[in-house]
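J.: Please read through the structure below; I'll follow up with questions.
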Amino acid sequence: MSITITGNVKHTITIDPGVWIFDERKVDLDTYFSQKTQNYQDSEGEKLAKAFDLHRKEGANVLSSNGNNITVSKKDLTEKSFGIPLFPFLENASPNEDVEYIIFKRSSGDDFTCPVHLAREGIIGFSKKGKPLKEDGPLHFYYNDGSNQSDPITDIINIVVS
(Lines of atoms letter the chains of each structure in order from A and count residues from 1; the text may use other names and numbers.)
(Lines give C-alpha, C1' and ligand atoms only; values in the text may rest on other atoms or scores of the structure.)
Protein backbone atom coordinates (compact mmCIF):
# COMPACT_ATOMS: atom_id res chain seq x y z
CA MET A 1 0.00 0.00 0.00
CA SER A 2 1.36 3.40 -0.96
CA ILE A 3 1.37 6.33 1.44
CA THR A 4 1.39 9.98 0.42
CA ILE A 5 2.87 13.02 2.11
CA THR A 6 0.75 16.00 1.05
CA GLY A 7 -0.42 19.35 2.32
CA ASN A 8 1.69 22.43 2.94
CA VAL A 9 4.64 21.10 0.92
CA LYS A 10 6.35 21.97 -2.34
CA HIS A 11 6.30 18.34 -3.52
CA THR A 12 3.75 15.61 -2.88
CA ILE A 13 5.60 12.41 -2.08
CA THR A 14 4.29 8.88 -2.65
CA ILE A 15 6.13 6.17 -0.76
CA ASP A 16 5.89 2.39 -0.63
CA PRO A 17 6.71 1.03 2.84
CA GLY A 18 7.28 -2.43 1.34
CA VAL A 19 10.66 -1.42 -0.07
CA TRP A 20 12.02 -0.03 3.22
CA ILE A 21 12.99 -3.51 4.35
CA PHE A 22 16.03 -3.12 2.06
CA ASP A 23 16.87 0.44 3.16
CA GLU A 24 19.99 0.87 5.30
CA ARG A 25 18.25 3.63 7.27
CA LYS A 26 15.80 1.15 8.81
CA VAL A 27 16.05 0.56 12.54
CA ASP A 28 15.25 -2.47 14.68
CA LEU A 29 12.26 -1.38 16.77
CA ASP A 30 13.01 -4.02 19.40
CA THR A 31 16.34 -2.37 20.28
CA TYR A 32 16.22 1.18 18.90
CA PHE A 33 14.60 2.86 21.89
CA SER A 34 16.75 1.09 24.46
CA GLN A 35 20.00 2.13 22.80
CA LYS A 36 21.45 5.59 23.14
CA THR A 37 20.54 7.20 19.82
CA GLN A 38 21.95 10.25 18.15
CA ASN A 39 19.54 12.78 16.74
CA TYR A 40 18.89 11.52 13.20
CA GLN A 41 19.02 14.99 11.71
CA ASP A 42 22.53 15.49 13.06
CA SER A 43 23.78 12.17 11.67
CA GLU A 44 22.23 12.91 8.26
CA GLY A 45 23.90 16.33 8.27
CA GLU A 46 27.24 14.74 9.08
CA LYS A 47 26.83 12.25 6.22
CA LEU A 48 25.97 15.02 3.77
CA ALA A 49 28.92 17.14 4.90
CA LYS A 50 31.32 14.22 4.44
CA ALA A 51 29.92 13.47 0.98
CA PHE A 52 30.21 17.13 -0.01
CA ASP A 53 33.82 17.33 1.22
CA LEU A 54 34.71 14.14 -0.65
CA HIS A 55 33.06 15.47 -3.80
CA ARG A 56 34.98 18.76 -3.55
CA LYS A 57 38.30 16.96 -3.03
CA GLU A 58 37.73 14.69 -6.02
CA GLY A 59 36.73 17.55 -8.31
CA ALA A 60 33.72 17.09 -10.51
CA ASN A 61 33.79 13.29 -10.47
CA VAL A 62 30.28 11.95 -10.12
CA LEU A 63 29.73 9.29 -7.49
CA SER A 64 28.41 6.08 -9.00
CA SER A 65 26.28 5.12 -6.00
CA ASN A 66 23.44 6.70 -4.09
CA GLY A 67 25.14 5.56 -0.86
CA ASN A 68 22.38 3.14 0.12
CA ASN A 69 24.28 -0.09 0.65
CA ILE A 70 21.85 -2.98 0.72
CA THR A 71 22.58 -5.69 3.26
CA VAL A 72 19.97 -8.29 4.02
CA SER A 73 19.82 -11.02 6.62
CA LYS A 74 17.00 -13.43 5.88
CA LYS A 75 16.69 -14.20 9.60
CA ASP A 76 16.34 -10.50 10.46
CA LEU A 77 13.76 -9.98 7.73
CA THR A 78 11.57 -12.78 9.07
CA GLU A 79 11.95 -12.17 12.82
CA LYS A 80 12.50 -8.49 13.56
CA SER A 81 10.27 -5.43 13.70
CA PHE A 82 11.44 -2.44 11.68
CA GLY A 83 10.88 1.27 11.35
CA ILE A 84 12.53 4.13 9.52
CA PRO A 85 13.09 7.79 10.44
CA LEU A 86 10.40 10.08 9.08
CA PHE A 87 12.81 13.02 8.67
CA PRO A 88 14.19 12.31 5.16
CA PHE A 89 10.73 11.79 3.69
CA LEU A 90 9.44 15.04 5.15
CA GLU A 91 12.52 16.87 3.88
CA ASN A 92 12.04 15.45 0.36
CA ALA A 93 8.50 16.83 0.37
CA SER A 94 10.02 20.29 1.13
CA PRO A 95 7.62 21.63 3.77
CA ASN A 96 6.90 25.33 3.56
CA GLU A 97 8.33 27.56 6.30
CA ASP A 98 5.01 28.10 8.08
CA VAL A 99 4.42 24.39 8.82
CA GLU A 100 3.38 23.71 12.41
CA TYR A 101 1.85 20.24 12.47
CA ILE A 102 1.93 16.83 10.88
CA ILE A 103 -1.43 15.10 10.66
CA PHE A 104 -1.33 11.32 10.52
CA LYS A 105 -4.49 10.28 8.66
CA ARG A 106 -5.83 7.04 10.12
CA SER A 107 -8.14 4.44 8.62
CA SER A 108 -10.39 4.81 11.69
CA GLY A 109 -10.95 8.48 10.85
CA ASP A 110 -9.51 9.45 14.25
CA ASP A 111 -6.55 11.41 12.86
CA PHE A 112 -3.54 12.20 15.04
CA THR A 113 -1.93 15.67 15.00
CA CYS A 114 1.68 16.05 16.08
CA PRO A 115 3.88 19.17 16.30
CA VAL A 116 6.28 19.16 13.35
CA HIS A 117 9.41 19.24 15.53
CA LEU A 118 8.39 15.98 17.23
CA ALA A 119 7.26 14.31 14.00
CA ARG A 120 10.53 15.11 12.23
CA GLU A 121 12.46 13.16 14.85
CA GLY A 122 9.95 10.30 14.93
CA ILE A 123 10.15 6.78 13.58
CA ILE A 124 7.54 5.19 11.36
CA GLY A 125 7.14 1.47 11.90
CA PHE A 126 6.40 -0.67 8.87
CA SER A 127 6.88 -4.30 9.99
CA LYS A 128 6.36 -6.43 13.08
CA LYS A 129 8.13 -9.74 13.58
CA GLY A 130 8.96 -9.97 9.89
CA LYS A 131 5.48 -9.18 8.62
CA PRO A 132 4.02 -6.00 7.07
CA LEU A 133 1.57 -4.12 9.31
CA LYS A 134 -1.65 -5.25 7.63
CA GLU A 135 -4.16 -5.32 10.49
CA ASP A 136 -3.33 -1.99 12.13
CA GLY A 137 -1.06 -0.42 9.53
CA PRO A 138 0.41 0.06 7.07
CA LEU A 139 2.35 2.49 9.30
CA HIS A 140 2.82 3.15 13.01
CA PHE A 141 4.32 6.34 14.45
CA TYR A 142 6.76 6.33 17.38
CA TYR A 143 8.20 9.32 19.18
CA ASN A 144 12.00 9.30 19.00
CA ASP A 145 12.27 9.05 22.79
CA GLY A 146 10.24 5.81 22.78
CA SER A 147 7.60 7.21 25.12
CA ASN A 148 4.85 5.53 23.07
CA GLN A 149 6.81 2.40 22.19
CA SER A 150 4.19 0.09 23.70
CA ASP A 151 1.29 2.16 22.33
CA PRO A 152 2.25 3.69 18.96
CA ILE A 153 -0.06 5.69 16.73
CA THR A 154 -1.44 2.98 14.42
CA ASP A 155 -3.57 2.64 11.28
CA ILE A 156 -1.72 5.46 9.48
CA ILE A 157 -2.75 5.60 5.83
CA ASN A 158 -1.46 9.07 4.82
CA ILE A 159 0.56 11.96 6.16
CA VAL A 160 -0.55 15.59 5.78
CA VAL A 161 1.79 18.50 6.49
CA SER A 162 -0.12 21.45 7.92
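1 is the number of the first residue of the sequence shown in UniProt numbering; add one for each residue after it. Just so you know, even glycine gets a beta-carbon here, dropped at the ideal spot from N, CA and C.
Span of the alpha helix (DSSP H) holding residue 120?
T.: Where residue 120 is concerned, the enclosing alpha helix (DSSP H) stretches over 116-120.
J.: By how many angstroms is the C-alpha of residue 35 removed from the C-alpha of residue 90?
T.: The alpha-carbon atoms of residue 90 and residue 35 are separated by roughly 24 Å.
J.: Can you list the alpha helix (DSSP H) stretches of 4 or more residues lying completely in the region 87-147, in chain order?
T.: DSSP runs (the alpha helix (DSSP H)) wholly in the region 87-147: 87-93, 116-120.
J.: What would DSSP say about residue 22, mapped onto helix, strand or coil?
T.: If DSSP states are grouped into helix, strand and coil, residue 22 belongs with the helices.
J.: Within 10 angstroms of its Cβ, does residue 140 collect 16 or more other Cβ (buried), or is it exposed?
T.: By the neighbour-count rule (16 or more Cβ atoms within 10 Å), residue 140 is buried.
J.: Is it buried or exposed, residue 138, if we count other Cβ atoms within 10 angstroms and call 16 or more buried?
T.: Burial call: buried.
J.: For residue 158, which residues does DSSP report across the bridge?
T.: Note: residue 158 sits in a beta bridge opposite 105.
J.: Taking C-alpha atoms, which residue in 143, 92, 24, 98 lies nearest to residue 153?
T.: Minimum Cα distance to residue 153 is reached at 143.
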